[in-house]
Amino acid sequence: MRWGILSIIAALALVAGCAATGGNPGAVERLYVFNCGESTVPDLSRWTPGVNVGKPGAFSANCYLIRHAKGWMMWDSGINDNVATMPNGFQRGKLSPHYILRKPLRFALSEITVDPAKIEHVAFSHTHGDHVGNGNLFTGATLYMQQAEYDIAFGAEAVSKWNFEVTSYDKLRANKTIKLNGDHDIFGDGSVVIIATPGHTPGHQSLLVRLPKTGPVILSGDMVHLQDNWTHRRVPVFNFDAATSRQSMEKVAALMQKTGARLWINHDKVQSDALPKAPQFIE
Ligand SMILES: [Zn+2]
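FYI, in numbering that gives the first Met the number 0 the residues of the sequence shown are 0 to 282.
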């Protein structure tokens, strides 16, 4: 009998979960979008093979903070706040993005009276410098990372092979960490779900967020960089695995079809410029 009751409870929990995934807003209260850097590149075709050869391009770099009834979650952390102190911005190499940062993330968080050390959950789409730049602010959070990404981010070849800026996130080695091998529902109600989207890096991930008024959105990470790349399913030349990248795009397309979610593309500057930025928020 005891097991029977537990089964009923489990079934009810499943029903509740289904309700949350079927359009119920769940318990996300609001989402803040931060401008965590902007960049220009001299030759956009590295991101858009076959087109834009020799043409410059511009990217946004956003960070996102989600207020859920059960706590805060940070998604991506932009380029390092130190770039805000560099009068000419920062560029790693000649073909690399040239970054500027107008408002440090730490300051933007203080404007909404959020102490980064008290944020309960943190995840990054992947370990590139424009996403983990301020990772070390979130030492009090549970870290959610795909096992494949964790292994390279905290492995012996993080710098030598992967060119990761380890000093931006190395303190998180001590965080409580949940290593993933696929999708993961952060709060257990379907309202904030990590979607495994490998390809750009081995353990890349995106995030489904069910906003109470706006509806479901998917935060892309670098699963795709530009709306035009999404339309044409283009894969940048430097992605870790092109075929896996395309599979991840199709996975997200199917999820959008199923949920009605919109895709918010982190680096698409035109799209990002249209989103209200913190201290404003989106419901
Ligand atoms: Zn990026």
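Even for Gly, the Cβ is constructed at its ideal location relative to N, Cα and C.
Small disclaimer: the values here were computed from a predicted structure and weren't measured.
Legend entry - Any non-hydrogen atom of ligand 1 within 7 Å of D267 CB: When distances are taken from the beta-carbon of D267 to the heavy atoms of ligand 1, even the shortest one reaches 7 Å or more.
Legend entry - Top-ranked residue by Cα proximity to G56, from F123, S38, L254: Looking at the Cα atoms, S38 is the closest of the given residues.
Legend entry - Between the CA atoms of C35 and V82 - distance to the nearest angstrom: Approximately 10 Å, taken between the alpha carbons.
Legend entry - Contacts around A173, its chain only, beta-carbon distance under 8 Å, and the 5 residues preceding and following it disregarded: Same-chain partners within the cutoff: T138.
Inset, instruction - Pull up the distance between the alpha-carbon of K117 and that of A140, whole angstroms please. - result: Approximately 7 Å between the Cα atoms of the pair.
Inset, instruction - Measure the C-alpha to C-alpha separation of G21 and V192 and round it to an integer number of angstroms. - result: At G21, the pLDDT of 42 sits below 50, so the modelled position is not reliable and the matter cannot be decided from this model.
Legend entry - Strand pairing of W71, partner residues [DSSP]: For W71, which the question treats as bridged, DSSP gives the partners R66.
Inset, instruction - Consult DSSP for E249 and reduce its assignment to one of helix, strand or coil. - result: Secondary structure at E249: helix, using DSSP grouped into helix, strand and coil.
Legend entry - C-beta contact flag for G128 and E156 at 8 Å: The answer is no: Cβ separation not under 8 Å.
Inset, instruction - Measure how close the beta-carbons of G134 and L179 come, nearest whole angstrom, since I'm counting them as under 8 Å. - result: That pair is no contact at about 17 Å.
Legend entry - Distance cut-off 7 Å: H127 Cβ against heavy atoms of ligand 1: Yes - ligand 1 has a heavy atom lying nearer than 7 Å to the Cβ of H127.
Inset, instruction - Using only the heavy atoms of ligand 1, determine whether one of them is closer than 7 Å to the beta carbon of H203. - result: H203 Cβ: outside cutoff for every heavy atom of ligand 1.
Inset, instruction - Give me the Cα-Cα distance between E282 and H67, rounded to the nearest whole angstrom. - result: Their backbone Cα atoms lie some 11 Å apart in a straight line.
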